[in-house]
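Which chain is which? The protein sequence lines are B and C, in order. For the first sequence, the residue numbers in my numbering are 60 to 384. For the second sequence, the residue numbers in my numbering are 1489 to 2020. What follows is a set of notes on a single structure, which appears directly below.
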Amino acid sequence: MKLLKLVPDDTNIKFLKWRIPFYVVSTLLIIASWGLVFTNGLNLGVDFVGGQQIQVTFTESEQAPIAELREEVASLGYGEPVIQRFGADNGVSIRFRLPPEVEEDAAAADAMTSRVTGAITDNFADARIDDLSAVSGKVSGELFETAMFALAIAMIAIAIYIWVRFEWQFGVGALYALVHDVSLTLGMFALFQLEFDLKIIAAILTIIGFSLNDTIVVYDRIRENLKKYRKMPIVELLDLSVNETLARTVMTTLTLLVVLVALLLLGPDSLFGFTAAITLGIFVGTYSSIYMAAPILVWLGVDSHSFVPDESSADKQDRVARGEA
Amino acid sequence: MLEFPTWKRIWLWLLTLGLAAAALPTIASLGNVRWPDVLPDPTVNLGLDLAGGSHILLEANREQVGQQRLENMEEDVRNALRNAEPRIRIGDVSTRGGRLSFMLDDPAQLDAAREELLPLINGSGTIREWNLEVLDGNRFVLTQTDSGLEQAVSMAMDTAIEVVRRRIDALGTREPTIIREGDTRIVVQVPGFDDPQALKDLLGQTAKLEFKLVDRNALQSDIEQGIAPPGSEILPYAPGSAFEGSTVAVRRLGGIRGDNLTNAQQTFDQQTNEPVVSITFDQQGGARFAQLTQENVGYPFAIILDGEVLSTPNINEPILGGGAQITGGFTVESANQLAISLRSGALPVDLTVIQQGTVGPELGADSIQKGLLAMAIGALAVLVLMLVTYGRFGLYANLALVFNVLMILGVMAIFNTTLTLPGIAGFVLTIGAAVDANVLINERIREERKRGRRVVAAVENGYREASRAIFDANITNVIAAVLLFLFGSGPVRGFAVVLMIGIVTSVFTAVTMTRLWVAGWLRKARPQDLNL
């Protein structure tokens, strides 16, 4: 049986030739992402800002009565809800931010939830509440903070491990690549104002996991080649390492995409945002392993001395005496 | 690298098959197949986001525990000093500002008073519960120590969890999860239950029932202005009761609490036919209730629920039978609910809902069905891709992948963990990493062959060289998983748990087991060339 080869043998693509423009663009993208996060803001879900998110299906109706629904819930005096069609034609999602007077008062927020759901089920006989999530201001801040804290601590610990196993330059490179991935994902959410909730945190964690996997595979090969080809210029060596691992990178990315695309097309609506985030992240993560994590080693001055100790003069005399080159 | 002695082969297989078998009950339940009762049935619980159900997060009021403790202390101090020989009289008692202070009428009794208070201050446990100060020679000030308050909060939470559990059991739903989170929070999850309002009504009621004497000497004008006579407090009538909207003054001390009950039931009043709650005291409660009613025949007393007065009936005759009827403008439902709450005991502290959520069973079922279908199709595509790319080695990788999925489910089932949506993300990540491990190994073997190594050496080198990157990648994931578990909350933790299990089983199946199979094949077939 003839086996499939996705990448021809002995590729020699000069990945690092364009490293400076790529680096400039990527760094600008990181800055732009954070700019977007701070100016546009993230469209934080109720998990992080408090409020209610309710999904309702009107089982007996063709179309969800959005206008009537808006009128009913707005008349409760908690401000304007965001009402959107969700899933099928007769499904809606209703989102309420916590009004300021309720923000600090968990009991009032709870009463608000009861009144809103009551207004929906009392006025629309065929309303079926599929999903409800209500978070008081007390918890929402904590959820966001602990998630971000855990994320930051995990990234730093990973960088330290890579520093110990490789060299400090590699730790910096891996961290920079991770910052790149997280920043661009956040930027994407800020730009398109996609809802950012706890599920997306799980998605970001997954992206980090894959990106790191990629980075380490490339780094491992660089470490190996640095020991093997002591005299090779660093840029050439990095290109060689990326090319040698290219078949693996393509194959792994492809298998992941196959699963993710299946989830995107056939999976439940509730997983769509989550899967979309991971899918985008896979591209960003693969790119960053090649174009962010590797070139930084050139500028941070990695060479074979990082792994192989300098030859002492005594060793050199031994070698010459043995007649080796 | 490729030597596997028989004993090693046997235990590798036993471990693999054992853990994989543990996944079968879970798979059977997903496919709605009945699992034989005689076999053990560890199963993976599906989280509420997947299976549907309600969850609420409750928070206890710490200050309230402190205040309650202060009031209990006041009673204890009064009793101790009253029963002292000779009696020690005190005045100017205050519980304001979180501390209990009082003055001795006779400063000469200072030492005697101190003697009486010592056992109260030291409490029963190993820690000191109260600080005692004496000011100006005759004023005692008692403040709670931090550790004393912590202990009280902790005990209140233990009781609260018990009470919550009893109340939810009364709903008759299946397998609720009730766990304490942090110092003052309780998470309640009820799978398959999509009426969070019923849950909140049940748990929102503290159900602290008290019987206190109405202060007959209070002036109506004072009550209206909210001025309580000394030793009394002003309480509002409960919504729905006969005097809703007005207030009444009751004696603060000397009442009894409704926590000594053996039963509570919704019944109907024989004369008016309105719904009431009939309660039965235990022996101690009955005796105290008898005493209270005996001493106050002809006077009204207040029935108080959670700080609101339900009714103020007159004591027409001493009630000696140990039973009583609570009236207060109930409907059948509200009387029934109160009966449940009273039967399960009062919450030692008020609980506020700070987070809640419900996933309807339809949505949950839909998520699972679509999710499983998508995963199955995606996985099938990966299997085909691996097979056409790596041939026999792809087959081994695929076998490893199937075992890996089974083993993750098996380990999760054995530890009775819950699979949530973020958990599925962890699943995808570990399976991706497992496939990647095999891709790394197989690509490396290809490379080694290309460089002209012999078959066995190429395979050995392939596994050795690829293992280094696999090892580093997985250790970093373990670090991430452990930290996320320690510092993260809720969903982040769900992700981390699956990741931790998955990393171990992935490395085991993708590296160790495939190596076992490849080694077996090499020994039998002794191939001169590899189709790779």
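Every residue gets a Cβ at the ideal spot worked out from N, C-alpha and C, and that includes glycine.
- Uninterrupted alpha helix (DSSP H) stretches at least 4 residues long and entirely within the region 1751-1827 of chain C occur at 1771-1783, given in chain order.
- Residue pairing of C:W1618 in beta bridges, as defined by DSSP: C:Q1632.
- Pairwise C-beta distances place the region 319-328 of chain B out of contact with the region 94-101 of chain B, as fewer than three of them are shorter than 8 Å.
- Among the residues facing chain C, B:D298 is not included, as its CB has no counterpart in that chain under 8 Å away.
- DSSP places C:Q1677 within a strand segment (E or B) once states are collapsed to three.
- At a cut-off of 8 Å between C-beta atoms, B:Y346 does not count as an interface residue with respect to chain C.
- Here B:F225 carries a coil assignment [DSSP, helix/strand/coil].
- With fewer than 16 neighbouring CB atoms inside 10 Å of its own CB, C:M1643 falls in the exposed class.
- Relative to the Cα of C:R1577, the nearest Cα in the group C:Q1556, C:G1585, C:A1601 belongs to C:A1601.
- The continuous alpha helix (DSSP H) containing C:F1915 extends over residues 1909-1938.
- Under DSSP, the beta-bridge partners assigned to C:K1700 are C:A1790.
- Assigned with DSSP and collapsed to three states, C:S1955 falls in helix.
- Contact between C:A1648 and C:I1674 holds, with the beta-carbon distance rounding to 7 Å and staying under 8 Å.
- Counting only the Cα atoms, C:E1551 lies some 49 Å from C:A1921.
- Apart from sequence neighbours up to five positions away, the residues of its chain that approach B:M171 with a beta-carbon distance below 7 Å are Y137, V161, ordered along the chain.
- Residues of the region 1543-1556 of chain C that bring their beta carbon within less than 8 Å of a beta carbon in chain B comprise L1545, E1547, in sequence order.
- The alpha-carbon of C:A1888 is positioned some 13 Å away from that of C:V1992.
- In terms of beta-carbon proximity, C:T1840 lines the interface with chain B, with at least one pair separated by less than 8 Å.
- Contact note: C:G1978 reaches chain B through L202, L257, using a C-beta cutoff of 8 Å and chain order.
- Cβ neighbours of C:A1913 within its own chain (closer than 7 Å, five residues either side excluded): F1983.
- Excluding residues up to 5 positions away in sequence, Q111, T172 lie with their Cβ nearer than 6 Å to the Cβ of B:A193 in the same chain.
- Counting only Cβ-Cβ distances below 8 Å, B:G104 has no contacts in chain C at all, with the closest Cβ about 12 Å away.
- Closest in C-alpha terms to B:E130, from the list B:L63, B:V108, B:N182, comes B:N182.
- One thing to note: C:I1958 has its Cβ no nearer than 8 Å to the Cβ of C:L1909.
- Residue pairing for C:N1962: DSSP places it in no beta bridge.
- In the three-state reduction of the DSSP assignment, C:I1576 falls in the coil class.
- Residues of the region 311-326 of chain B whose Cβ lies closer than 9 Å to any Cβ of chain C, in chain order: T311, L313, T314, L315, V317, V318, L319, V320, A321, L322, L323, L324, L325, G326.
- Put simply, the backbone Cα of C:D1537 is about 48 Å away from that of C:E1562.
- Within its own chain, the residues whose Cβ lies closer than 6 Å to the Cβ of C:V1986, once the five positions on either side in sequence are excluded, are G1911, G1914, F1915, listed in chain order.
- Considering only C:L1798, C:N1802, C:G1795, the residue with the shortest C-alpha distance to C:T1781 is C:N1802.
- Using beta-carbon distances, C:R1704 does not count as an interface residue toward chain B, since no partner is under 8 Å.
- In its chain, beyond the 5 residues on either side, L1928, I1929, R1932 have a beta carbon closer than 6 Å to the beta carbon of C:A1954.
- Look at C:P1724 here: in three-state DSSP terms it is strand.
- Between the alpha carbons of C:I1722 and C:F1769 lies a distance of about 27 Å.
- C:S1635 has a beta carbon lying at 8 Å or more from every beta carbon in chain B.
- Beta-bridge partners of C:I1744 (DSSP): C:F1699.
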